[in-house]
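Residue numbers (UniProt numbering): 1 to 569.
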């Protein structure tokens with residue numbers, strides 16, 4: 001990044017009180033004026049009935065909807081809303097946050113959200129759920145594919161919830177993600193895109209050089225019955241629907257799509273998956289899948305993690321079986337087969353006796369090899385256990401962390417104090433530690449704090465302190481015993497930062513804040529608070545947004561990472 005970055009502090013409209021109640025209904029209302037700003041989390045509706053198409057043509061969609069409202073503000077006495085169960089011909093106009101297609105009823109402009117609809121695609125859709133200001137639609141049939149269509153290389157792409165946009169060209173994916181971030185910053189963050197400075201603030205999205213085989217962690221679930229899409233029911237035999245190991249069907253915790261190969265993980269991980277698939281159903285082994293309804297069965301999850309040997313640089317793989325009971329000997333036949341794969345250096349068993357679906361166990365057994373694997377990031381070595389948090393795309397994480405370093409504008413004299421909030425296992429703070437005076441990291445997860453301390457020791461870093469604490473429950477004494485930081489790095493999870501933490505940062509007045517976000521919607525909200533404050537609570541904003549850099553960490557998915565640099569005014 002250049003040493004001089006244009007600052008941006010032009011606001012388009014005053015802050016509104018609705019930002020404090022950042023919910024699905026309010027967010028959905030905003031998509032009527034700008035389709036990218038939808039933030040609602042919409043669950044697909046299960047529908048396996050035969051499709052009976054009684055299509056309402058796009059040009060007649062509004063006229064065919066019966067009246068359901070007496071709102072006198074409408075210019076027409078005909079309903080503004082389509083009915084639940086109604087079938088429409090629609091054209092997808094754009095992609096909203098989380099990858100849902102945005103469509104509009106002809107003439108009325110009423111917004112409909114459709115999973116797996118892509119820009120330019122003309123299709124038949126049925127209204128499955130109706131809200132006050134938008135409706136959800138299930139795509140029944142594609143009439144004309146979208147203009148940036150490509151053949152999805154994965155056989156499961158149409159039904160697996162992992163890669164919703166595989167059939168959209170990567171260039172088009174990047175364009176859509178970049179536009180989503182821009183629109184959220186304008187409509188939620190209230191920054192004006194009409195000012196010339198805006199172009200200098202919004203940076204072009206950083207693409208991912210590798211679009212497949214980039215994930216270093218995948219978690220597959222066992223199920224008593226494989227889920228089969230409705231259109232494939234006639235093709236599948238009864239045997240193929242029994243016992244599954246794969247990924248959850250989108251929107252369902254109890255339905256597992258059987259998967260034999262995932263193109264997002266490494267070839268060696270796929271070899272492990274194939275080996276397990278070949279033999280785990282053998283009746284002689286006596287292995288049964290977990291049933292989330294009856295709470296019976298033994299096998300819950302298969303987790304695969306990839307790393308690198310720090311001496312040879314060769315890949316190494318950890319296999320983690322999550323089971324419902326303490327009986328590791330039952331896994332011995334599987335272990336013996338998997339251990340023959342050269343990349344496998346660790347096989348562990350996490351025992352989780354709770355009825356929940358978590359993969360974190362109360363006990364852990366090492367069944368083969370070592371209990372951890374290693375990975376190298378920004379020249380540092382990190383130990384990864386079965387339940388450690390680590391960036392899922394190692395190669396792109398290296399790019400992300402370099403951007404964070406650039407945004408820090410370190411002086412080079414080792415004089416700065418860094419406050420690393422939501423530090424996880426300490427990866428960001430530790431990559432800066434050798435160039436600053438001290439790093440103070442805060443994290444709520446005890447195991448992550450322990451891993452961060454261990455990673456510091458492993459890399460001979462003595463100027464990093466990691467503290468366990470819930471940043472959503474801070475009080476006026478928070479960090480009062482620490483020196484004032486020059487730089488704050490905050491990397492919250494999807495809900496963003498609590499208003500208490502934002503107030504703390506505004507009182508702290510650090511020279512620079514670097515906001516790393518995995519959710520551009522809550523990021524835009526928090527940027528609004530930091531730059532413009534909250535007038536309703538007499539909170540004054542104190543920062544300028546000097547740059548916002550989207551990063552594509554996960555191709556073919558709707559997820560977007562952002563690195564934002566804020567300077568004290």
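Glycine residues also receive a C-beta, built at the ideal position from the N, C-alpha and C atoms.
Can you look up residue 143 in the DSSP assignment and give me helix, strand or coil? strand
Check the C-beta distance from residue 577 over to residue 394 and give it rounded, since I have them as a contact under 8 Å. An answer regarding residue 577 cannot be provided, because it is not within the stretch 1 to 569 covered by the chain.
Rounded to whole angstroms, what is the Cα-Cα separation between residue 411 and residue 441? 21 Å
How many whole angstroms separate the CB atoms of residue 377 and residue 397, which I take to be in contact at a CB cut-off of 8 Å? 6 Å
Simplified DSSP state of residue 135, which is helix, strand or coil: strand
Return the CA-CA distance between residue 59 and residue 108, expressed in angstroms with no decimal places. Below a pLDDT of 50, predicted positions are generally treated as unreliable, and residue 59, at 47, falls in that range; the measurement from the model is reported next regardless. Straight-line Cα distance between these residues: approximately 11 Å.
If you follow the alpha helix (DSSP H) that residue 525 is part of, which residue opens it and which one closes it? 520-532
Taking C-alpha atoms, which residue in 313, 468 and 227 lies nearest to residue 258? 227
Excluding the 5 residues preceding and the 5 following residue 352 in the sequence, name in chain order all residues of the same chain whose CB lies nearer than 8 Å to its CB. 300, 322, 323, 324, 358, 359, 360, 361 and 362
What does DSSP give as the partner residue(s) for residue 470 in the beta ladder? Answer is none; residue 470 lacks a bridge partner.
When the Cα of residue 138 is compared with those of 419, 251 and 287, which residue comes out closest? 251
For the region 207-290, which segments carrying the beta strand (DSSP E) assignment without a break, of at least 3 residues, lie completely within its bounds, in sequence order? 217-225, 242-248 and 256-258
If you draw a straight line from the alpha carbon of residue 392 to that of residue 217, how long is it in whole angstroms? 6 Å
Sufficient close CB pairs (3 or more, under 8 Å) joining the region 160-168 to the region 528-537: no
Quick test of the definition: if touching needs 3 or more C-beta pairs under 8 Å, does the region 446-466 touch the region 485-493? no
Report all residues from its chain with a CB closer than 7 Å to the CB of residue 253; omit the five preceding and five following residues, and keep chain order. 292 and 357
Within 10 angstroms of the Cβ of residue 560, are there 16 or more other Cβ atoms? Answer buried if so, exposed if not. buried
Through-space distance from residue 522 to residue 468, alpha-carbon basis: 24 Å
Helix, strand or coil for residue 338? Go by DSSP, reduced to three states. helix
Range of the contiguous beta strand (DSSP E) that encloses residue 156: Per DSSP, residue 156 belongs to no beta strand (DSSP E) and is neither H nor E.
Tell me, which residues are paired with residue 306 by DSSP? 317
Own chain residues within Cβ distance below 6 Å of residue 176, not counting five before or after: 95
State the start and end residues of the unbroken alpha helix (DSSP H) segment that holds residue 477. First-last for residue 477: undefined, no H or E at that position.
Going by the CB atoms, is the gap between residue 127 and residue 86 shorter than 7 Å? yes
Assuming contact is defined by CB atoms lying nearer than 7 Å, are residue 206 and residue 524 in contact in what I supplied? no
Would residue 221 and residue 276 be called neighbours here (beta carbons separated by less than 7 Å)? no
Simplified DSSP assignment, three categories, for residue 349: strand
For residue 85, which of helix, strand or coil comes out of DSSP? coil
As assigned by DSSP and simplified to three states, the class of residue 383: strand
On the DSSP bridge assignment, give the partners of residue 566 in chain order. 513 and 545
Residue 384 burial status per 10 Å Cβ neighbour count (16 or more: buried): buried
Rounded separation between residue 41 and residue 113 - CA only: Confidence in residue 41 is poor, its pLDDT being 31 and thus under 50, which makes the residue's placement too unreliable to answer from.
Distance cutoff 7 Å, beta carbons only. Does residue 268 sit that close to anything in chain D? Although the question refers to chain D, the structure presented lacks it and comprises just one protein chain.
I believe residue 125 touches residue 90 by the beta-carbon criterion, under 8 Å. Please report the beta-carbon distance rounded to the nearest angstrom. 5 Å
Considering Cα atoms alone, identify which of 285, 430 and 472 is closest to residue 466. 430
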